[in-house]
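Below you'll find the structure, written out as structure tokens, and then a few comments.
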Amino acid sequence: MGHNWIGVLQPKDATKPAQPGGCGVCHTAISAKPSLPGKITEADYKNIDCLICHAPNYRRGVVKEGETLKFWAPNGVDVLKAAQNVQKPTSEMCLRCHASAGGGPNHKHGVIPTKDSDVHAAMGMNCVDCHTTQKHKIAGGSDLKAQDLWDVKIDCSNCHKAGVIHKADATGYINKHVARIQCQTCHVPAAARDPKMPTIVSRDWTKPVLNQQTGLYGPTNMPASNVKPEYRWWNRFMETPPEPVGSISDQKSKITPWKRTAYTVIADEETGKPVYIKAGVYAVSGDPGAAAKKGAEDAKQQYSGKWKGVVESMVFSMNHQVAPKTQALKCNACHSSTGIMDFKKLGYPDEQVKSLTTNR
Amino acid sequence: MCCFFACMVIFSGMALAQNKHEKLVKNYTGTESCSMCHKDAAKEMTESLHYLQLGEARFLVNWPKDKLAGMMDTF
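Taken in sequence, the protein lines are chains A and B. Under this note's numbering, the first residue of the first sequence is numbered 1, with each subsequent residue one higher. Under this note's numbering, the first residue of the second sequence is numbered 1001, with each subsequent residue one higher.
Next up, the structure:
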């Protein structure tokens, strides 16, 4: 989907205030779109908003400076005070962007860590305690398309060492699972476990909805809580469109939980190919056709001018909202004839499926 | 008692860090207000994924070899 980088969205209802728009709202540049990798200039060195990651109680809007738009503290935010209080990023600072990635709170992965939903957040841990940093590069999960620190693997076992985990299980059975099952499979039993923060399971761009509060249009979202994962083999590689890579025969693969979301996107009626829509046009007009026309023009994409909805799906990793151990999956959650794990679909032979679905 | 003194050192250190910026930053005009002292920080940041939004895609198996991937194409 094509976006504006920076803009001001004035709702059709003139009684509603103009609002900051564009992807840049949540990225670290102050004004211009970043130069391409390897083509960084002196101008980029002055285009970093240090405060968005380092200042507590900071937020930014879009302000006009001459003819240029820039992301800056709006009225009511004391930018000097923010600069005087800079510190190592806390979760509050990371989540001011990451919590609402995808257009709303908890919309994408569905596992935004909160004190009510995540044992680590409840302990007061910060994102950077696990997502370690080196010279402003931050380690991330490998389902991301690109990485900052290729050699740093974020893994539960970085802290929870083998030999220490599951000590209460004298049989040792649980630890036998670790070789082929990700910790998250049992310890993140669902997405959006906190009913105060649902995630979305489908989004339909063909059905614009007016937000009465903002006066802007958005797609129709289907919210849901306690969303059960799809379990797939994963060897830390991904395909695109996003699907995990792995199989039962690949010894590097582990059974891993994923949240799947279905998106009905705007596509060219003639070719069926998705069109780059202009998000700002969509937000102001609520007209998918106008957004597709402008988006295709800007992206120089061939477009017949007629559109239709096409369903695409996306999977999201589920690495946060780690449940208290009392809420982790128990043996019979999987090992029963009505268990949540589809062993046949995972590639187990029939005889083994029979054994695996017998109660423990 | 040791814990008490350790906490005192930690908390006074934190307060000192905040006071240090309060004393040093008298006017904030953007990146250059920080990079006056943090000389390498802006350059480091421009080389990061959080700034560039694009990078190599070593974990994508069916992606063109030299094509960068990023966070801009999503639903």
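Beta carbons are placed, not taken as given, at the ideal position from N, Cα and C, and that holds for glycine.
Inset, instruction - Leaving out five residues on either side along the sequence, give the residues of the same chain with a beta carbon under 6 Å from the beta carbon of residue 344 of chain A. - result: Closer than 6 Å at the Cβ level, and outside the excluded window around residue 344 of chain A, lie 353.
Inset, instruction - Note down, in chain order, all residues in the stretch 238 to 257 of chain A with a beta-carbon under 8 Å from any beta-carbon belonging to chain B. - result: Across the stretch 238 to 257 of chain A, CB contacts with chain B closer than 8 Å involve 238, 239, 240, 245, in sequence order along the chain.
Legend entry - Cβ neighbour criterion (16 or more within 10 Å) applied to residue 358 of chain A: When all chains shown are included, residue 358 of chain A counts as exposed.
Inset, instruction - Please list the partners that residue 1036 of chain B has in chain A, where partner means a Cβ-to-Cβ separation under 8 Å. - result: The contacting residues do not exist; residue 1036 of chain B stays about 12 Å from chain A at best.
Inset, instruction - Kindly confirm or deny that the stretch 100 to 112 of chain A and the stretch 197 to 215 of chain A touch, where touching means at least three C-beta pairs closer than 8 Å. - result: Contact holds: three or more Cβ-Cβ distances are below 8 Å.
Legend entry - Proximity to residue 310 of chain A [Cα-Cα], best of A:67, A:44, A:218, A:270: Taking only the C-alpha atoms, the option nearest residue 310 of chain A is A:270.
Legend entry - Three-state secondary structure (DSSP) of residue 14 of chain A: Residue 14 of chain A: coil per DSSP, three-state reduction.
Inset, instruction - Measure the alpha-carbon distance for residue 238 of chain A versus residue 13 of chain A and round it to whole angstroms. - result: Taking the straight line from one Cα to the other gives about 43 Å.
Legend entry - Residue-chain proximity (residue 300 of chain A, chain B), Cβ-Cβ < 9 Å: Residue 300 of chain A does not count as touching chain B.
Legend entry - Local Cβ density within 10 Å of residue 75 of chain A, reported as buried at 16 or more and exposed below that: Residue environment: residue 75 of chain A is assigned as exposed (fewer than 16 neighbouring CB atoms within 10 Å of its CB, all protein chains considered).
Inset, instruction - Closer than 9 Å by beta-carbon distance: list the chain B residues that pair up with residue 36 of chain A, in chain order. - result: Under the 9 Å cutoff, chain B gives 1052, 1054, 1068.
Legend entry - Cβ of residue 147 of chain A within 9 Å of any chain B Cβ: Yes, because at least one Cβ of chain B sits closer than 9 Å to the Cβ of residue 147 of chain A.
Inset, instruction - Specify the secondary structure class of residue 354 of chain A as computed by DSSP and reduced to three states. - result: Residue 354 of chain A: helix per DSSP, three-state reduction.
Inset, instruction - For the stretch 84 to 100 of chain A, enumerate the residues whose C-beta is nearer than 8 Å to any C-beta of chain B, in chain order. - result: So the list reads 84, 85, 86, 87, given in the order they occur along the chain.
Inset, instruction - To the nearest angstrom, report how far apart residue 1061 of chain B and residue 82 of chain A are at their CA atoms. - result: Near 43 Å, if we compare the C-alpha coordinates of residue 82 of chain A and residue 1061 of chain B.
Inset, instruction - Taking all protein chains shown into account, decide if residue 249 of chain A is buried (16 or more other Cβ within 10 angstroms of its Cβ) or exposed. - result: It counts as exposed.
Legend entry - Nearest to residue 118 of chain A (by Cα), restricted to the options A:281, A:327, A:332: Cα-wise, what sits closest to residue 118 of chain A is A:327.
Legend entry - For residue 206 of chain A, the three-state DSSP class (helix, strand or coil): Looking at residue 206 of chain A - three-state DSSP - the assignment turns out to be strand.
Legend entry - CB contact below 9 Å: residue 106 of chain A versus chain B: No, residue 106 of chain A lies away from the interface with chain B (no Cβ there is under 9 Å from its Cβ).
Legend entry - Buried or exposed by the 16-neighbour rule on C-beta atoms within 10 Å, applied to residue 1027 of chain B: Only exposed fits residue 1027 of chain B, as fewer than 16 other CB atoms lie within 10 angstroms of its CB.
Legend entry - Whole-angstrom C-beta distance between residue 1022 of chain B and residue 87 of chain A, which should lie under 8 Å: Actually they are not in contact, since the Cβ atoms of residue 87 of chain A and residue 1022 of chain B sit about 12 Å apart, beyond 8 Å.
Inset, instruction - Please check if any C-beta of chain A sits within less than 9 Å of the C-beta of residue 1065 of chain B. - result: No, residue 1065 of chain B lies away from the interface with chain A (no Cβ there is under 9 Å from its Cβ).
Legend entry - Terminal residues of the alpha helix (DSSP H) in which residue 184 of chain A lies: Per DSSP, the unbroken alpha helix (DSSP H) holding residue 184 of chain A starts and ends at 183 to 187.
Inset, instruction - With 9 Å as the threshold, decide whether the Cβ of residue 75 of chain A is near any Cβ in chain E. - result: Note that chain E does not occur in the displayed structure, where the protein chains are A and B.
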